[in-house]
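For the sequence shown, the numbering used here begins at 644 and goes up steadily by one.
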Amino acid sequence: MKHLKLYENFLDEDVDVYRNEDNEIESGPSPDLTSRFRGIIKDPKAALDYMFAGKSIFTIANPATHTRFTYRVFKKEVDNKTRTLYFVSILSGPDNVKNYSFIGTIFDGNHFRLSAKSKINADSPSVLAFEWLFRTLIGRPDRFNKVEFWHEEYCGRCGRRLTVPTSIESGYGPECIKIIARGR
Ligand SMILES: [Zn+2]
Numbered sequence: 644m645k646h647l648k649l650y651e652n653f654l655d656e657d658v659d660v661y662r663n664e665d666n667e668i669e670s671g672p673s674p675d676l677t678s679r680f681r682g683i684i685k686d687p688k689a690a691l692d693y694m695f696a697g698k699s700i701f702t703i704a705n706p707a708t709h710t711r712f713t714y715r716v717f718k719k720e721v722d723n724k725t726r727t728l729y730f731v732s733i734l735s736g737p738d739n740v741k742n743y744s745f746i747g748t749i750f751d752g753n754h755f756r757l758s759a760k761s762k763i764n765a766d767s768p769s770v771l772a773f774e775w776l777f778r779t780l781i782g783r784p785d786r787f788n789k790v791e792f793w794h795e796e797y798c799g800r801c802g803r804r805l806t807v808p809t810s811i812e813s814g815y816g817p818e819c820i821k822i823i824a825r826g827r
């Protein structure tokens with residue numbers, strides 16, 4: 644039932660800027676929604692791969708309510724590379740390369756936990772939306788078509804800016820797409 648609650652909460656929201664308890668903007672609009680270098684990823688498996696590619700920046704948008712949030716998920720290998728952590732941050736300012744606030748960590752590829760250090764509350768829309776997205780991608784891919792998943796013109800694996808049409812379609816640069824394809 645918790646899934647359902649998160650889902651409804653996300654879909655019902657009708658604003659795209661949120662403030663935390665200190666009245667700081669927690670999530671604003673993506674910096675340039677008109678950029679032709681952004682690209683939509685429609686397949687849920689591809690979106691999950693993208694999230695875990697290493698240095699991904701992506702926006703999820705709910706077309707029904709015009710709600711959107713931009714996240715960054717960075718991969719870090721620990722314990723002599725026996726374990727992989729993913730650090731999740733949310734865009735919290737106008738610069739979509741620099742202005743991120745850390746919200747939590749994905750453990751073992753299947754468990755997201757909000758950080759105690761996070762300034763953002765567990766029940767804030769940005770956190771709920773991320774949890775909804777993550778649960779959807781790993782357990783309920785049939786729900787993925789409720790939202791749009793956009794990469795933000797950077798290669799999901801290495802973080803370099805994308806420039807050529809085929810890269811914009813996939814979300815990866817020409818070299819990284821080969822490595823990603825091999826991992827499938
Ligand atoms: Zn790359």
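All C-beta atoms, glycine included, are put in the ideal place defined by N, C-alpha and C.
Rounded separation between residue i and residue j - CA only
i: L856; j: N739; result: The structure shown does not extend to residue 856, since the chain is modelled only from 644 through 827, so no value can be given for it.
i: V790; j: P706; result: 7 angstroms
i: S699; j: I733; result: 12 angstroms
i: E812; j: K741; result: 24 angstroms
i: D686; j: F773; result: 17 angstroms
i: I668; j: P808; result: Bear in mind that the predicted position of I668 carries a pLDDT of just 44, short of 50, making it too unreliable to give a figure here.
i: F680; j: L805; result: 7 angstroms
i: S767; j: Y743; result: 16 angstroms
i: W793; j: R756; result: 23 angstroms
i: F730; j: G802; result: 15 angstroms
i: V716; j: F695; result: 7 angstroms
i: I749; j: R726; result: 11 angstroms
i: L776; j: T710; result: 13 angstroms
i: I820; j: I683; result: 16 angstroms
i: G826; j: T779; result: 22 angstroms
For residue i, the first and last residue of its enclosing alpha helix (DSSP H)
i: F773; result: P768 to G782
i: K821; result: P817 to R825
i: S810; result: P808 to S813
Residue i, enclosing beta strand (DSSP E) - first and last residue
i: E796; result: It is not in any beta strand (DSSP E) - E796 carries neither H nor E in the DSSP assignment.
i: A759; result: Neither: A759 is in no beta strand (DSSP E) and is coded neither H nor E.
i: L728; result: R726 to L734
i: K698; result: K698 to N705
i: K719; result: T710 to V721
Residue environment, residue i, which counts as buried when at least 16 other CB atoms sit within 10 Å
i: A824; result: exposed
i: A765; result: exposed
i: N704; result: According to the sequence as given, residue 704 is Ala; it is not Asn. With 16 or more other Cβ atoms within 10 Å, it is buried.
i: D692; result: buried
i: A759; result: exposed
i: T713; result: buried
Supposed contact pair residue j and residue i - C-beta distance, whole angstroms, cut 8 angstroms
i: R800; j: I822; result: 7 angstroms
i: S761; j: G747; result: 6 angstroms
Just jot down, in chain order, the residues whose CB lies closer than 6 angstroms to any heavy atom of ligand 1. That query returns the following residues: C798, R800, C801, R803, Y815, G816 and C819.
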